[in-house]
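What follows is a single structure, written as C-alpha cells, with notes after it.
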Amino acid sequence: MDFSLTSDQLLIRDTVRQFMETEMRLVIREYEREHKYPTAELRKLGELGCCGMMIPEEWGGAGTDTISYAVMIEEVARVDASTAVVVSVTNTVSAGPVLKHGTDAQKKKYLSRLARGEIIGAFCLTEPQAGSDAGGIQARAVRDGDHYVLNGTKIWVSNGDISGVYIVFAKTDPAAGARGVTAFLVEGSFPGFRVSRFEEKMGMHLSPTVEIVLSDCRVPAENRLGEEGQGLRIALEALDGGRIGIAAQSVGLAQGALETATRYAKQRRTFGHPIADYQAIQWMLADMQTEIDAARMLTYQAAEVRDLETRKKPSGAPGPSRLGPYSARAKLYASEMANRVAYKAVQIHGSLGYSRESDVERYYRDARVLTIYEGTSEMQRLVIARDLLRAGRA
Ligand SMILES: Cc1cc2nc3c(=O)[nH]c(=O)nc-3n(C[C@H](O)[C@H](O)[C@H](O)COP(=O)(O)OP(=O)(O)OC[C@H]3O[C@@H](n4cnc5c(N)ncnc54)[C@H](O)[C@@H]3O)c2cc1C
Numbered sequence: 021m022d023f024s025l026t027s028d029q030l031l032i033r034d035t036v037r038q039f040m041e042t043e044m045r046l047v048i049r050e051y052e053r054e055h056k057y058p059t060a061e062l063r064k065l066g067e068l069g070c071c072g073m074m075i076p077e078e079w080g081g082a083g084t085d086t087i088s089y090a091v092m093i094e095e096v097a098r099v100d101a102s103t104a105v106v107v108s109v110t111n112t113v114s115a116g117p118v119l120k121h122g123t124d125a126q127k128k129k130y131l132s133r134l135a136r137g138e139i140i141g142a143f144c145l146t147e148p149q150a151g152s153d154a155g156g157i158q159a160r161a162v163r164d165g166d167h168y169v170l171n172g173t174k175i176w177v178s179n180g181d182i183s184g185v186y187i188v189f190a191k192t193d194p195a196a197g198a199r200g201v202t203a204f205l206v207e208g209s210f211p212g213f214r215v216s217r218f219e220e221k222m223g224m225h226l227s228p229t230v231e232i233v234l235s236d237c238r239v240p241a242e243n244r245l246g247e248e249g250q251g252l253r254i255a256l257e258a259l260d261g262g263r264i265g266i267a268a269q270s271v272g273l274a275q276g277a278l279e280t281a282t283r284y285a286k287q288r289r290t291f292g293h294p295i296a297d298y299q300a301i302q303w304m305l306a307d308m309q310t311e312i313d314a315a316r317m318l319t320y321q322a323a324e325v326r327d328l329e330t331r332k333k334p335s336g337a338p339g340p341s342r343l344g345p346y347s348a349r350a351k352l353y354a355s356e357m358a359n360r361v362a363y364k365a366v367q368i369h370g371s372l373g374y375s376r377e378s379d380v381e382r383y384y385r386d387a388r389v390l391t392i393y394e395g396t397s398e399m400q401r402l403v404i405a406r407d408l409l410r411a412g413r414a
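Letter by letter, the sequence shown follows residues 21 to 414 of my numbering.
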C-alpha cells in the first residue's frame, strides 16, 4: 500500500495551490462581501483543466483519476470552499451522468464544453417538499411529440444562474413513484425556464444558489438523459461520485482553517508567551491535524474504489457499484470533521475568529453546509448502516 501521491498528482496539487494562493486569495474578501461569482478566476480554473478533470480525453477532458480530482478540489477549498462548489458540481453531478448515460450527440454538445470549462453544469433534484426523500419530487414531464413539457419548481440549485446545462429530474410516470423519475438536459434559454430567486445563504457566498421555475418548459426529446424511469438511479449514482468531491472539499476547508489557526497561534501572545506554547492550544491543533489526515485517507480510499470500478468499465457503462458506502463514509466523516476543525480554528483566534476580518470566520460559516448538501449526515449513516446490515455480510 503506497500512501504517496504520484508525480502527476503532485503537479496538479502545486499548480492549483499556486493559482489559488496568488490570484484567488487576494479577491476572496471582496467577492465574499459582495456575493460575487468569480467569473475570471473560474475561467482560469477551466483553462487549467479543473472543470472536466475525469472526463476522458476523447471528449476534451483531462482524463485524470479520481484521487487527482480530490487533490484539486482540496486545494481549491483550502483557500475558498465556495469556488470548490462550482467546480465540484460541474465535474461530478453534471459531467458524470452525461458521460455515463449520454448519447454521443449529447456528449458532443455538452460534455466536451463542460470538459473545456466553456460551460458550468448544474444538478436540479431538490424541490420544496423533497430533499432527502428524492423519490418524492413532484416536477412533471409529459411527452408532446418530439418534445417533453416540464413543469415544477427546483430549489437550492448550485451554479443556478450561470450554467450552460442543467440536469433536471422530473416524473414521466407519477404512478410509478421513485421509478417514474426521468432525467433531462435543459438549457437556460429553453422556453419556460426561469430563475425565480436567489437563496440567501449563511456561507458559500461565491457560489450562486437559486430557485428555478419550469412552466411548460419545452425540452427536445433528444435531451432526455437515459431512459424514462431511470432518473432516480442516475441521480443517486451521480451523488455517490459527488460525495467524494464534498469529502475533498471538507478536507481542504479544514486544512486551510488549520494552517490559519497554526500561524495565528504562533503570533498571538498572552501572558508573555505565544498561545502556541500552551498545551490547551497544542491539543486542539493536534486533534485538528489528526482528524484531517483520517478524513483525507477515507476520501482517497473512496476515490480509489471509484478508479478501480472505472478501470473495469472505462466507457463509464452502467453496472453494479460498491462505491456508495465508501463515499458515504468519506463524506460523513470529512464533513463533520470540517465543522469540528473550523470551530476550533475560531476558538484559537478568540474574538478575532468572530470577526468578518478573519478567514476562519468564513471557513466556519462555509463548513456548516457540508453535512447537509449532496445528502445529509443522517442519509450517509443510512447508506452505511444498510450496507453493513445487508444479508450475507458478517
Ligand atoms: C448551499 C446548498 C446547495 C445545494 N445545492 C443543491 C444542488 O445543486 N442541487 C440539488 O438538487 N440540491 C441542492 N441542495 C439541496 C440539498 O441537497 C438538500 O437540502 C439536502 O438533500 C437535504 O434536503 P432537505 O433540505 O429537504 O432536508 P430534509 O430532507 O427535509 O431533512 C430535514 C432533516 O431531517 C433529516 N431526515 C430526513 N429524512 C430522514 C430519515 N429517513 N432518517 C433520519 N433523518 C432524516 C435530515 O437528515 C435533516 O436533518 C443544496 C443545499 C444547500 C444548502
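Glycine is no exception: its CB is placed at the ideal position from the N, C-alpha and C atoms.
Three or more C-beta pairs under 8 Å: does that hold for the segment 214-228 against the segment 103-117? Contact holds between the segment 214-228 and the segment 103-117, because three or more Cβ pairs, one in each stretch, are under 8 Å apart.
Mind checking whether the beta-carbon of D85 lies closer than 7 Å to any heavy atom of ligand 1? Within the sequence shown, numbered from 1, the residue matching residue 85 stands at position 65. D85: no, Cβ never under 7 Å from ligand 1.
Based on Cα-Cα distance, which residue from A387, I301 and V325 lies nearest to G370? Here residue 370 refers to the residue found at position 350 when the sequence shown is read from its first residue. Looking at the Cα atoms, I301 is the closest of the given residues.
In the DSSP assignment, what are the bridge partners of K129? Looking up residue 129 in the sequence shown gives position 109. Under DSSP, no beta-bridge partner is assigned to K129.
Kindly identify the DSSP beta-bridge partner or partners of H167. The count along the sequence shown starts at 1 and reaches residue 167 at position 147. DSSP lists D164 and P240 as partners of H167.
When the Cα atoms are used, what is the spatial distance from Y384 to A362? Position 364 of the sequence shown, counted from the start, is the residue given in the question as residue 384. Position 342 of the sequence shown, counted from the start, is the residue given in the question as residue 362. Cα to Cα, the separation comes out at about 5 Å.
Of the residues F213, A255, F218 and I182, the one placed nearest A198, counting alpha carbons only: In the sequence shown, the residue the question calls residue 198 occupies position 178. Comparing Cα positions, the closest option is A255.
Report whether the distance from the Cβ of L10 to the nearest heavy atom of ligand 1 is below 7 Å. Because the chain is modelled from 21 through 414, residue 10 falls outside the range shown and cannot be assessed.
Examine ligand 1 and report whether any of its heavy atoms sits within less than 7 Å of the Cβ of S152. The residue given as residue 152 occupies position 132 in the sequence shown. Yes, ligand 1 has a heavy atom inside 7 Å of this Cβ.
Look at the alpha carbon of V91 and the alpha carbon of Q250, and state the distance between them as a whole number of angstroms. As a working note, residue 91 is residue 71 in the sequence shown. As a working note, residue 250 is residue 230 in the sequence shown. Straight-line spacing of the CA atoms in V91 and Q250 works out to 31 Å.
So, for L145: in the same chain, excluding its five sequence neighbours on each side, which residues have a beta-carbon less than 8 Å away from its beta-carbon? For the purposes of this step, residue 145 is taken as residue 125 along the sequence shown, with counting starting at 1. Cβ within range, chain order: A154, I157, K174, F189 and A255.
Check whether the Cβ atoms of G69 and P76 sit closer than 8 Å, and answer yes or no. For this step, residue 69 is matched to residue 49 along the sequence shown. For this step, residue 76 is matched to residue 56 along the sequence shown. By the CB criterion at 8 Å, G69 and P76 fall outside the cutoff.
F189 - partner residues in DSSP beta bridges: The count along the sequence shown starts at 1 and reaches residue 189 at position 169. Per DSSP, the beta bridge partners of F189 are A203.
Reference E219; option with closest CA among V230, G151 and F213: As a working mapping, residue 219 is identified with position 199 in the sequence shown. Checking every option, the nearest Cα to that of E219 belongs to V230.
Spell out the partners DSSP gives L318 in its beta bridges. On the sequence shown, residue 318 is found 298 positions in, with the first residue counted as 1. Looking at the DSSP assignment, L318 forms no beta bridge with any residue, so it has no partner.
Counting pairs of beta carbons, one from the segment 136-143 and one from the segment 289-297, are three or more of them closer than 8 Å? Contact fails: fewer than three Cβ-Cβ distances are below 8 Å.
What does the Cβ neighbour count give for F39, buried or exposed, with the cut at 16 atoms within 10 Å? Within the sequence shown, numbered from 1, the residue matching residue 39 stands at position 19. Classification for F39: buried.
Can you check DSSP and say which residues form a bridge with I140? Against the sequence shown, residue 140 aligns to sequence position 120. Note: I140 sits in a beta bridge opposite S183.
If A99 and M21 are in contact, beta carbons under 8 Å, what's the gap, nearest whole angstrom? Mapped onto the sequence shown, residue 99 falls at position 79. Mapped onto the sequence shown, residue 21 falls at position 1. The amino acid occupying residue 99 in the given sequence is Val; Ala does not appear at that position. Actually they do not touch by this definition, with Cβ atoms about 30 Å apart.
With distances taken Cα to Cα, identify the nearest neighbour of G184 among G208, A195, M74 and D164. Here residue 184 corresponds to residue number 164 of the sequence shown, with the count starting at 1. Just measuring C-alpha positions, the residue of G208, A195, M74 and D164 sitting nearest G184 is G208.
Per DSSP, what kind of secondary structure is P76 in: helix, strand or coil? Mapped onto the sequence shown, residue 76 falls at position 56. Judged by DSSP in its simplified three-state form, P76 adopts coil rather than helix or strand.
Whole angstroms are fine: how far does the CA of Y393 sit from the CA of L170? On the sequence shown, position 150 is the one that residue 170 refers to. On the sequence shown, position 373 is the one that residue 393 refers to. Each residue's Cα considered, the two are about 25 Å apart.
For I266, tell me which candidate among Y51, N179, K351 and R331 has the shortest Cα-Cα distance. The sequence position of residue 266 within the sequence shown is 246, counting from 1. The shortest C-alpha separation from I266 is found at K351.
Look at the Cβ atom of G272, then the Cβ atom of R238, and state whether they are nearer than 8 Å. Counting from 1 along the sequence shown, the entry for residue 272 is found at position 252. Counting from 1 along the sequence shown, the entry for residue 238 is found at position 218. No.
Tell whether a beta-carbon distance below 8 Å holds between Y353 and L318. As a first step, residue 353 is located in the sequence shown; it is residue number 333 there, counting from the start. As a first step, residue 318 is located in the sequence shown; it is residue number 298 there, counting from the start. Taking 8 Å as the cut-off, the beta carbon of Y353 is found closer than this to the beta carbon of L318.
Close-in-space but distant-in-sequence residues of the same chain around K127 (CB under 8 Å, 5 per side omitted): Start at 1 with the first residue of the sequence shown, and residue 127 comes out as number 107. In its chain, beyond the 5 residues on either side, W79, V118 and L119 have a beta carbon closer than 8 Å to the beta carbon of K127.
Leaving out five residues before and five after H121 in sequence, what residues of the same chain have Cβ atoms less than 8 Å from its Cβ? One-based indexing of the sequence shown puts residue 121 at position 101. Cβ within range, chain order: A203, L245, G246, Q250, I254 and P338.
By how many angstroms is the C-alpha of K191 removed from the C-alpha of P240? Your numbering for residue 240 matches position 220 in the sequence shown. Your numbering for residue 191 matches position 171 in the sequence shown. When rounded, the distance between both Cα atoms is 16 Å.
Quick check: A285 and L305, are their CB atoms within less than 8 Å of each other? Against the sequence shown, residue 285 aligns to sequence position 265. Against the sequence shown, residue 305 aligns to sequence position 285. Annotated as proximal: A285 and L305, with beta-carbon spacing under 8 Å.
Count the other CB atoms within 10 Å of the CB of M222; is the residue buried (16 or more) or exposed (fewer)? Start at 1 with the first residue of the sequence shown, and residue 222 comes out as number 202. Burial call: exposed.
Residues sharing a beta bridge with V230, DSSP: Walking along the sequence shown from the start, residue 230 turns up at place 210. Bridge partners of V230: V177 and F218.
Tell me the DSSP secondary structure of G159 in three-state form. Reading the sequence shown from its first residue, position 139 is the one you call residue 159. Residue identity check: residue 159 is Ala in the sequence provided, not Gly. DSSP, reduced to helix, strand and coil, places A159 outside both helices and strands of the structure shown, so it counts as coil.
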